[in-house]
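Q: Got a structure here, written out as structure tokens. Questions coming.
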């Protein structure tokens, strides 16, 4: 906590400062790191800090259309069978989150 009682957002501020300096691939890798922190309960600071950093990165990548492309690429990479176990776990985690944020449209079913 800061002196004013606000949560300390060290990780968030770091990613905010780096957001426009990094390319989309680097920001996506940073997003996956934050997802691992959140789901693995291994925090550098606090869960809230990592959640805010994740939201920042997610919104930035979504606005640019990167996440839609990343979803297609992740599906193809998993289907190829050439992903290493750690990469496979990251891709599955990303696809799970993406599917929760953008559920399939069942209107045509």
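Numbering (my numbering), first residue to last: 770 to 878.
Ideal Cβ placement from N, Cα and C applies to all residues, glycine included.
#1: Jot down the residue ranges of each uninterrupted alpha helix (DSSP H) in the segment 778-850, minimum 4 residues, whole runs only, in chain order.
#2: Within 10 angstroms of the Cβ of residue 843, are there 16 or more other Cβ atoms? Answer buried if so, exposed if not.
#3: Tell me which residue opens and which closes the alpha helix (DSSP H) that residue 853 is part of.
#4: Work out the CA separation of residue 777 and residue 871 for me, nearest whole Å.
#5: Is residue 830 near residue 786, with beta carbons less than 8 Å apart?
#6: Out of 808, 841 and 790, state which residue places its alpha-carbon closest to the alpha-carbon of residue 858.
#7: When the Cα atoms are used, what is the spatial distance from residue 853 to residue 846?
A: In terms of the structure at hand:
#1: 779-787, 793-809, 816-832 and 835-849
#2: By 1-based counting over the chain shown, the position of residue 843 is 74. Burial call: buried.
#3: What you label residue 853 is simply residue 84 of the chain shown in a count that begins at 1. It is not in any alpha helix (DSSP H) - residue 853 carries neither H nor E in the DSSP assignment.
#4: Within the chain shown, residue 871 is the residue found at index 102, counting from 1. Within the chain shown, residue 777 is the residue found at index 8, counting from 1. Answer to the nearest angstrom: the Cα atoms are 30 Å apart.
#5: Here residue 830 refers to the residue found at position 61 of the chain shown. Here residue 786 refers to the residue found at position 17 of the chain shown. No; because the gap between Cβ atoms is not below 8 Å, this pair is not in contact.
#6: Position 89 of the chain shown, counted from the first residue, corresponds to residue 858. Of the candidates 808, 841 and 790, the one whose C-alpha sits nearest the C-alpha of residue 858 is 808.
#7: Taking the chain shown and counting its residues from 1, the one referred to as residue 853 is at position 84. Taking the chain shown and counting its residues from 1, the one referred to as residue 846 is at position 77. In a straight line, the C-alpha of residue 853 is about 10 Å away from that of residue 846.
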